[in-house]
Structures are given as structure tokens and as C-alpha cells.
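So the sequence lines, in the order shown, correspond to chains A and B.
Under this note's numbering, the first sequence has 153 at position 153, and the numbering climbs by one with no breaks.
Under this note's numbering, the second sequence has 338 at position 338, and the numbering climbs by one with no breaks.
Ideal Cβ placement from N, Cα and C applies to all residues, glycine included.
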Amino acid sequence: MAKRPILGLFEDANYAAEAGDALQEADVSQDDYDFLTDAPYPEGAFGEREERHHLYWFPFVGALVGLTAGILMTSMTQLAYPLVQGGKPILSLPPMAVITYESTMLSAIIFTILGIIFESRLPRPKMGLYDTRITEGYIGVLVNVEEDQLPKVSALLTQAGAVDVVLENPEPAAA
Amino acid sequence: MPMAFGIALAVSGLLLGLGIIGFAIRAVSDGFGAHGPWGYYAAIFSFIFMVTGAAPLAASIFRVTKSHWRRPLTRVSEMFSLIGIFNILLFIPLMFVLPAFRNPNLTPLAENELDLRRTIWFEVPIGANAPQWLDLLGIACLALCALVILWLSAVPDMAQARLRATGFRRSFYGVLAGHWHGTKSQWLNQKAGLALLGAFYFMLLVFMQFTISSDYAQSLIPGWKDSIFPVIYTLTGFQSSLGLMLVILFVLRRWGGYKGYIGISLFWSASKILLGLTLLWVYHMFAFGITYWYGRLEVEQNILKYLLFQSYGWLFLANLIFSFFLPFLTLLWNPVRRSDWGPALAGVFVLIGAFLFSWRIFVGAFNAGDVYNIGLEHVPAFVGPDLWDVLIVLGGLGGAVFIYLLGSRLIPMMCVWEIKEGAMYQHMGTFMRGRYLVLAKPE
């Protein structure tokens, strides 16, 4: 059976945290619920699991790619035109460092941008369950459960203090 | 649209139009073959790049250092990212005006002529103006990085507005906000992304300020070899961008209806940093001057006479007054520093100082004579602006203001989510008989 989303809206962040506790007690996996907020709350404020991100890998890999490309480009250029200038060695590090630094930075930045887009899953083709009241300061507790569990979860969220429980996105207002 | 805003937009747009006319006439009358006539163009590019390039850094640095007073300043700072596109457009003509790296008229056995003009790039023959393309690539990547910082920071605010806005704004926010819901994972990635991009922005910015100040100023004055100058250029950028932000914040607070958002503590805190940057600026200027003064070689004396004491002497004096004496004396005075107008006034001074700095250095560098000469053999004369130069300078300033104002119509000038976050962490509390701001630091 496919999972369906259900969204509980809380005026008070403490009630949202209590809803999280209740979901844990009801054996809902921590991967199946999330807290939606209009501002970043400190880590663990809702008693949720510790989130980890893998964003640091992207600039690291990007920097390595850029560094390698920079070293290859500068060294191959200097070897292709082996002219001694001012008694300096053919492969002189100081002039190579300028271009290598720039290529490392460029590549690291581009990989980071790609990483942010990928990790945040921002360009999603379909809008998930959401409520505009979250932007007014309400806390959303979004739960993904089997369809037959929806009434139970809805009751649980209401008991925890949800002011509203939403199952479907409202029709968009005419522009 | 408020009337004052409309007038400002119209005036800046008009100036931009005049600047385009000035640029076109300069291009038709002088072409791109010689760099001398483009001195004022280079100066205004340098000024805009220096000020607006450094501005987005303030948001990143103060966010990383968790300075809570920064919150009203962040968006004002990040909005300068939009001018990064203008910087790219301004830079493109400059790629074609610099003289060739290889001396085209090298006389055999000439003692005072170089085969290759001085450059920080390869020591092997350079063809097709490769360094200028690397400069362009760097400026473009800097703009891209800044724009992504702005986008990443504005995503939560645009997500808030996307379902309520109408017309073009609704589509604009809808596209740019993606499907931001404010999940823990999204907030975490946003925070890490802003920190990483902020760090890379800093690393690339100082590099680009180093290359621009080297390629478009220092290397054009024969015999000018100075490791302190790129630092002065960078410092002037930091100082003037902070000054400009204080001016904008003052305007927003006083006339923009943001008094509730922009507290006086921001001015107090930022003014101390501005004071520190002002002192650093004068220290580096002194270090540059004293090194050359002690050198006493003919070329060093000529460079000092050219940029500091004779040709551009009056401009240097004005530069010193506006970049150091006036802001220093303003910020030194506690009652003035603790107001909102005092730091903004110091901001106006340092902006004028930065403009005079760019004028002195870049117009001087573009008109210093034979770039292949081994050293500055005489002291060149001051070069004043003609009508087209004046139009170009006004157009550059107008263009930057125009883009910023247009951007402020689309993107909120306050970083709403950061201000909400800040409000969560602070409240007024009582300690003994006084009431104080209690600030939580969750990390």
C-alpha cells in the first residue's frame, strides 16, 4: 500500500515537539516524519533525529578536479613551450600557482552549487503537502504513513495540540 | 511605488543611458587600440567592482561569526550580488584595451625596454590575451557565487511570498523558491551551503582583487613592484562596501519604513569594524609610502611623485582626508558613533575616498606612458576627464544604483527568516534593577 502524507499544524513549537514524541511512541519511523518551519530551529529543538548532510564532499571533489586540471594545464603549456625565462626552471611553481588557484576555486564553487541544488532537492517536479500557515509561524509536522494509519496519526496529532490536520493541498488561489 | 523611489530609479536609469552614450562615443572616437583614453572607464569599473564585489562578503562573514546584530544587514549586503552581472559587462571592454604582452617595437640592444611587459601570469610568451580571459572567468565565477548566495539566502523568503504574490512576482518566486518547505534537511543544507559558498567567495574575491589591481593598475606603471598595493585595494573595498551598507541601512531606517527591523545596535557594531578598517587602511598606505620613500631609487621616487606628491598629489591628499581623517575623526567621537547617522556619515566619507583612490590609481596607471619601459623615467602629468569620461563615470554609478533599486523591487530588503530566527533567540529580561537583552546562543 502506498504511503500518503498528512500534515499537522501547530501554533506552539512545544506542542509540535510533543507530537514528535507521540509519533515515536506510536512506532512511526523517524524517516517518515519531518518538521516544517519558517525559520531554522536549533538542532534537536523538536527532539528529532540528528540530520547529517554530505555537502562537504562536493567542494572537496570539485577542488580536487580543479587542482588537477590547473596543474595539468599549466605544466603541459610550459612543457609545450620550453623557454627558459629569467633563469627560472621550465616548471616554475609560482606562476603555476596563480592559474591553479583560480581553477581550483572555480571548480569548487561550481561543484558546491550543484551539491546544494542536489542535496536540497529544490527543483522538484511536484509540490508536496504544504500549508501557507507555516510561513506565518506555525510549525508543520509532516508524516508519511500507510493509508490505513491516517486516522490514527490524525488523532495523534490532534491530541498533541494540532490546530489543524491537512491531508491535501488547498486549491491555489486565482492570481 | 513610492515617489522618491521612482525618482531615484528614473535618475539612475537616465545616468546609465548617458553613460552608454559616453561609452559609445569613446569607443568610436578612440577605439580600443590604446589604453590611455580608457583610464576613467577603468577607474569607474575598479570603483564599482571594489565596492560591490566586497559587499556580499559582509553577510557571509558575520553569519559565520554568528554576529546577531548582522541580521538586518545581510540582505542589504547580498543584494549587491546583482551588480556582479554589471561588473562582468563593464569588464569586457577592458579586456581589449590593454597593450599586448610582447613588446611590438622592441629595439635591438635597447637597455631600457622589456621584451615582455610585466605581468603576474606566465613567464612564457602569452598569446591571445589569455590572462584577460582568466580575469573575466574569475569575475564571472565571483558573480555566479554571489548570486547563488543571494538565491540560497532568499529562497525561504521567496517561498513565503510565492503563494501570496500575484502576477509576475508569483511566477518569479515560484520558480526560484523551487519547492522549499523548510524541512530540517533543507535548513541544514542551506546553512552549510551559505557557509561554504561564503568561504569560497572570500577566497576568490581577494584573488580577483589581487589580479585586477595587478593587471589593470600596477603592471601598467613601469617599475611599480609593490606587494602592499593589492592589500590596500582589498582593504579599500572592504572599507567602502561596509560604508555603503551603512548608508543604505540609514536610508532604510530613516525613510524606508524599516525602523522596527534595523536597530541602533547594528550601527554601533558595524561602526567599530569600520573604524578598524579605516586604521588598517592608513597603516597600509603608510607602509607603501615609507617603503618607497626609503628606497630612493629614481623609479621609486618617480612613482611616489606621480601617485602621491605631484601629478596626483591633490587627489592623494583628498583621498587621505576622505578615507582616513574624516571617518576616523567621526567614528572616534562616541556620541556620533553611537547614533545611526554618524556611521552612515563616515560611510559617505569612505565611499568618496574609495572613488578618489580608484581615480588616482587607475587613471594614473592607464596614462603612465610606455608600459614596456623598465622603469618610470619621468613623472607623467595629471590627466583630467573630458565630457565623455564624465558621462562614463556617471553612467557607471547610475547603472549600479539602477540595478540595485530594481532588485529591491523583487527581493525583500530584509532577510525575514533570519530576523525571525533572531527573534527566537532574544528577549528583554531583568537583571537586578535593570532590563537587558538576553541572547541565547544555541551553538
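request  = With a 10 Å radius around its C-beta and 16 neighbouring C-beta atoms as the bar for buried, classify Gly39/B as buried or exposed.
outcome  = buried
ask   = Is Phe168/B helix, strand or coil by DSSP?
value = helix
Buried or exposed (CB count within 10 angstroms, at least 16 for buried), Tyr216/B = buried
key: CB contact flag (Gly198/B, Ser60/B, <8 angstroms)   = yes
inquiry  = Rounded to the nearest angstrom, what separates Met285/B and Glu51/A at their Cα positions?
reply    = 48 angstroms
task = Could you list which residues in chain B have their beta carbon closer than 7 angstroms to that of Phe35/A, in chain order?
result = Lys184
message = Against chain B, with Cβ distances strictly below 8 angstroms, would Leu106/A count as a contact?
response = yes
query = So, are the CB atoms of Val141/A and Gly8/A less than 8 angstroms apart?
reply = yes
key: According to DSSP, residues forming a beta bridge with Leu7/A   = Leu142/A, Val166/A
inquiry  = Please tell me whether Phe200/B and Ile109/A are closer than 8 angstroms, where the distance is taken between their beta carbons.
reply    = yes
ask   = Run through DSSP, which three-state label would Glu43/A get?
value = coil
task = Specify, as a first and last residue, the run of the alpha helix (DSSP H) that His284/B falls within.
result = 264–295
ask   = Of all the CB atoms in chain A, is at least one closer than 8 angstroms to the CB of Leu148/B?
value = Note on residue identity: the sequence assigns Val, not Leu, to residue 148/B. So, interface residue.
request  = Using 10 angstroms around the beta-carbon of Gln426/B, count the other beta-carbons present and answer buried if the total reaches 16, otherwise exposed.
outcome  = exposed
query = Which residues does DSSP pair with Leu439/B in a beta bridge?
reply = Gln426/B
key: Closer than 8 angstroms to chain A by CB, Leu235/B   = no
inquiry  = Check this for me: beta carbons of Thr100/A and Thr77/A, under 8 angstroms apart or not?
reply    = no
ask   = Taking the C-alpha atoms as reference points, what is the distance between Ala45/A and Tyr15/A?
value = 12 angstroms
ask   = Would Lys357/B be called buried (16 or more neighbouring beta carbons within 10 Å of its own) or exposed?
value = The displayed chain sequence assigns Phe, not Lys, to residue 357/B. By the 10 Å Cβ count, Phe357/B comes out buried.
ask   = Which same chain residues, not among the five before or five after Val97/B, have their C-beta less than 7 angstroms away from its C-beta?
value = Phe32, His35, Trp38
ask   = Which of the residues in the segment 59–73 of chain B, read from start to end, lie with their CB under 8 angstroms from any CB of chain A?
value = none
key: Ala381/B, buried or exposed, once every other Cβ within 10 Å from all chains shown has been counted against 16   = exposed
query = Using 8 angstroms as the Cβ pair cut-off and three pairs as the minimum, do the segment 411–431 of chain B and the segment 332–351 of chain B touch?
reply = no
ask   = Should Phe200/B be flagged as near chain A, meaning a C-beta pair shorter than 8 angstroms?
value = yes
query = Does the Cβ of Thr65/B have 16 or more other Cβ atoms within 10 Å, making it buried, or fewer, making it exposed?
reply = exposed
query = So Leu55/A and Asn189/B are in contact, right, with Cβ under 8 angstroms, and what is the actual spacing, rounded?
reply = 6 angstroms
query = Taking the alpha carbon of Phe362/B as the point to measure from, which residue in Phe86/B, Leu331/B, Phe309/B, Tyr233/B has its own alpha carbon closest?
reply = Tyr233/B
key: Any beta strand (DSSP E) of 3 or more consecutive residues that is wholly inside the segment 401–425 of chain B   = none
request  = State the Cα-Cα distance for the pair Phe91/B and Ser103/A, rounded to the nearest angstrom.
outcome  = 20 angstroms
ask   = Going by DSSP, what residues sit across from Gly434/B in a beta bridge?
value = Phe431/B
query = Using 8 angstroms as the limit for Cβ to Cβ distance, is Pro335/B near chain A?
reply = no
key: Terminal residues of the beta strand (DSSP E) in which Asp34/A lies   = 33–36
key: Nearest-angstrom Cα separation, counted from Val28/A out to Ala155/A   = 14 angstroms
key: Status (buried if at least 16 other CB within 10 Å, exposed otherwise) for Asn302/B   = buried
task = Please say whether Ile71/A and Leu79/A have beta carbons closer to each other than 8 angstroms?
result = no
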